[in-house]
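Participant: Using the UniProt record's numbering, the first residue of the sequence shown is number 1, and each one after it goes up by one.
From the three backbone atoms N, C-alpha and C, an ideal C-beta is built for every residue, glycine too.
Questions regarding the structure given below will be posed in turn.
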Amino acid sequence: METRLRRSTAALIGVLAVGAALAVGHLVAAFVGIGASPYLAVANSTVDLSPPWLTEFGKQFGPEWDKRLLFIGIAVVIAGLAVAAGLLSRKSAMPGTVLAVALGVVSVVAVLSRPDLGQLAILAPLAAALAGIGVFQWLHGLAAREQADDVEAGVTRRRFLITSGGVAAGVGVAALGGQFAGSRVDVQASRRAVGPIVPAERAPAIPAGADFARAGTPSFLTSNADFYRIDTALTVPKVRAEDWSLRVHGLVDTELELDFADIAGRRLVEKIVTMTCVSNEVGGPLISTAAFVGVPMRELLMEAGVRPEAGQVFATSVDGWTTATPVADMLSEERGALLAIGMNGEPLPQEHGFPARVVVPGLYGYVSATKWVVDLELIRDGEKTFYWQDRGWAKEARIKTQSRVDAPRAFQDVPAGKVTVAGIAWAQTTGIERVEVRVDGGEWRRAELAPEVTDQAWRMWKLVVELPAGNHRAEVRATDRSGYTQTEDRVPPIPDGATGWHSVSFTAS
Ligand SMILES: Nc1nc2c(c(=O)[nH]1)N[C@H]1C(S)=C(S)[C@@H](COP(=O)(O)O)O[C@H]1N2
Ligand SMILES: [Mo]
């Protein structure tokens, strides 16, 4: 009679084999390039293939939580598939083995197609496949012998369970070892070694009264710790300044290959810029301001010599994220796009693109602000598509004129009488002309504007209104210097940025 493994045994073998494959792959990847870890690779492709509604939904949990939830979700799905693979192999080890070989081939191909991984990186999926197949065949053999042999069943059963326990412990050790070894690349030491980034040309000083923080607006400059963050990479890329280089190529007269010392040794300029994410909902938090320090993109591009046929600068980050920016926006002297290496007096934080990123005033981040940038290719307009363009977002997107009420906060209870309504307005590179507020659908009234620091940054506003006890609603609308007044029409962030008036309901008592 043919032996069929017990269901629970078959499922356990599936889970242990897959666990061994992922853990060994992760451990080897820590040495040959963490991006080659099969588990991280699966997680990253899940992000890349996720439908837009899911990624947008995830963003509300913030970059860390959104990723943690994804890691847990993927682990659950993988465990489910491992159980299924185990159950398929109750009669013979063949189906599971074939599946493991196929997955191994797929991961080797996936690793070879990654621009940021060397040839050696295929060792990670190879080791993973060998570990998975080895554990699978070994445990399968033990379990089959145990069930076939009634006499010695007690002994072999015990041996199977002990072996399984040993494998499980090995999986844990390998996974932890991978995590530990992977933290070897010491970005913080590299940041410390870079030291303070001192510009030759400072931004104009920020005048006192540039924010109304005491009335509830954000401070004019956002601290690096509070600066909003958006990235698709599941683990923040670790690039040491000493390992980094940037290639400028494509439709240029001379290709450039620059390392960090080449950039840091140039004449550095400082600029105050308000960055905004296209996914920011009306009234949302995805907007922040910093003093960025770097080399004007114009300078680098002129040095390479941009050919007249070039229409876009196609930028690639070390983790494979891409975007494209119109050449004109990169070359404009007035806008002063930067290859930035400093942020608020420090080297860029790791989360914000250390050692170098792009900053283009007036454009949403997804079409301009490549973090951990390693490659700039001058291409014909539309020659290639980029990360978010492939997911339904617009090819070009200028930041829309918008405003937000920060005080009172939604559903806040404030004393009746004099109430200060305050917030921010932005129209990067055009400048804010006027901000108006109305309460409970009454007359629009002009708010007081804080001094303008630069038309590339936000501007704070406030207005004192007299309110009786009761429920109230404050609305805001901004007019920029081109004469455009924000429309009331609500459109969602996709494809090129939200519009509509922000309003806040609160209570006076
Ligand atoms: N490499 C990389 N660069 C990136 C992104 C990313 O996901 N990966 N996100 C972009 C988006 S959508 C925005 S809004 C800004 C956010 O920059 P910050 O995280 O420093 O605020 O970075 C841009 N640069
Ligand atoms: Mo964004």
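Kindly identify the DSSP beta-bridge partner or partners of T507.
Facilitator: DSSP output for T507 lists D413, N471 as bridge partner(s).
Participant: Residues with a Cβ closer than 7 Å to any heavy atom of ligand 2, in chain order?
Facilitator: This selection yields I230, C277, V278, S279, L286, Y364, G365, Y366.
Participant: Pick from A169, T322, L363: whose alpha carbon is nearest that of R335?
Facilitator: Checked all of A169, T322, L363; the closest Cα to R335 is L363.
Participant: Any idea if R504 is buried or exposed, counting beta-carbon neighbours within 10 angstroms, 16 or more meaning buried?
Facilitator: Reading off the sequence shown, one finds Val at residue 504, where the question assumed Arg. With 16 or more Cβ atoms within 10 Å of its Cβ, V504 is classed as buried.
Participant: Nearer than 7 Å: is that true of the beta carbon of W461 relative to any heavy atom of ligand 1?
Facilitator: No; taking the cut-off as 7 Å, the Cβ of W461 has no heavy atom of ligand 1 nearer than that.
Participant: Please confirm whether any heavy atom of ligand 1 lies closer than 7 Å to the CB of W65.
Facilitator: Result no, Cβ not under 7 Å from ligand 1.
Participant: Keeping to the same chain, check which residues put their C-beta closer than 6 Å to that of A174; ignore five residues upstream and five downstream.
Facilitator: Result list for A174: A23, V24, L27, in chain order.
Participant: Between D319 and ligand 1, is the CB less than 7 Å from at least one heavy atom?
Facilitator: Yes, Cβ of D319 sits closer than 7 Å to a heavy atom of ligand 1.
Participant: Since I believe Y228 is in contact with I272 (beta carbons under 8 Å), could you give me their beta-carbon distance rounded to a whole number of angstroms?
Facilitator: Not quite, the Cβ-Cβ distance comes to about 16 Å (not below 8 Å), so this is no contact.
Participant: For the pair the region 222-239 and the region 298-312, tell me if three or more CB-CB distances fall below 8 Å.
Facilitator: Verdict: no, contact absent.
Participant: Just mark F180 as buried or exposed, buried being the case when its beta carbon has 16 or more other beta carbons within 10 Å.
Facilitator: Flag for F180 reads exposed.
Participant: Looking at the structure shown, is Q147 part of a helix, part of a strand, or coil, going by DSSP?
Facilitator: Residue state, collapsed to three classes: helix.
Participant: Spatial neighbours of residue 513 within its chain, please: CB distance less than 7 Å, with the 5 preceding and 5 following residues excluded, ordered by chain position.
Facilitator: This structure does not reach residue 513, given that the chain is present from 1 up to 509, and the question cannot be answered.
Participant: Taking 7 Å as the cut-off, is the CB of F314 close to at least one heavy atom of ligand 1?
Facilitator: Not so, every heavy atom of ligand 1 lies at least 7 Å from the Cβ.
Participant: Which residue spans inside the region 394-447 form an unbroken beta strand (DSSP E) run of at least 3?
Facilitator: Correct list: 402-407, 417-426, 432-439.
Participant: Report whether the distance from the Cβ of F180 to the nearest heavy atom of ligand 1 is below 7 Å.
Facilitator: Not under cutoff, so the answer is no.
Participant: Is G353 near ligand 1, with its Cβ less than 7 Å from a heavy atom?
Facilitator: Answer for G353: yes, Cβ within range of ligand 1.
Participant: Whole angstroms are fine: how far does the CA of V295 sit from the CA of L246?
Facilitator: The alpha-carbon atoms of L246 and V295 are separated by roughly 13 Å.
Participant: With a threshold of 7 Å, establish whether the CB of A233 neighbours any heavy atom of ligand 1.
Facilitator: Flag set: Cβ of A233 near ligand 1.
Participant: Could you tell me whether the region 346-354 touches the region 391-405, where touching means 3 or more Cβ pairs closer than 8 Å?
Facilitator: Cβ pair count under 8 Å is below three, so no.
Participant: By DSSP's criteria, R459 is part of a beta bridge. Which residues make up the other side?
Facilitator: Note: R459 sits in a beta bridge opposite A425.
Participant: Are there any heavy atoms of ligand 1 lying less than 7 Å away from the beta-carbon of T370, as far as the coordinates show?
Facilitator: Correct: T370 has its Cβ closer than 7 Å to ligand 1.
Participant: The alpha helix (DSSP H) with T276 in it runs from where to where?
Facilitator: Segment 269-276 is the beta strand (DSSP E) holding T276; no alpha helix (DSSP H) there.
Participant: Taking 7 Å as the cut-off, is the beta-carbon of M330 closer than that to any non-hydrogen atom of ligand 1?
Facilitator: Answer for M330: no, Cβ out of range of ligand 1.
Participant: Starting from P326, follow its DSSP beta bridges and name the residues at the other end.
Facilitator: P326 pairs with Q312.
Participant: CA-CA distance, V47 and T97?
Facilitator: Near 28 Å, if we compare the C-alpha coordinates of T97 and V47.
Participant: Just curious, the alpha helix (DSSP H) that I287 is in, first and last residue?
Facilitator: Looking at the DSSP string, I287 is not in any alpha helix (DSSP H); the run it does join, the beta strand (DSSP E), is 287-296.
Participant: Could you have a look at S37 and say whether DSSP puts it in helix, strand or coil?
Facilitator: Residue state, collapsed to three classes: coil.
Participant: Taking the alpha-carbon positions, what's the T385 to T487 distance?
Facilitator: The alpha-carbon atoms of T385 and T487 are separated by roughly 30 Å.
Participant: Give me, in chain order, the residues of the same chain whose beta-carbon lies closer than 7 Å to that of A110; leave out the 5 immediate sequence neighbours on both sides.
Facilitator: Excluding positions up to five away in sequence, the list reads A41.
Participant: Please classify D496 as buried or exposed, where buried requires at least 16 neighbouring CB atoms within 10 angstroms.
Facilitator: Buried, because 16 or more other Cβ atoms sit within 10 Å of the Cβ of D496.
Participant: Should L5 and A168 be called a contact, given that it needs their Cβ atoms to be closer than 8 Å?
Facilitator: No, they are not a contact pair.
Participant: The beta strand (DSSP E) spanning V248 covers which residue range?
Facilitator: Unbroken beta strand (DSSP E) run through V248: 245-250.
Participant: Return the CA-CA distance between P408 and V437, expressed in angstroms with no decimal places.
Facilitator: Looking at the two C-alpha atoms, the distance is approximately 13 Å.
Participant: Could you round the C-beta distance between A100 and G132 to whole angstroms and report it? I think they count as a contact, below 8 Å.
Facilitator: Contact holds; Cβ gap of about 5 Å.
Participant: Got a sec, what are the start and stop residues for the alpha helix (DSSP H) I206 sits in?
Facilitator: Here I206 belongs to no alpha helix (DSSP H), and DSSP marks it neither H nor E.
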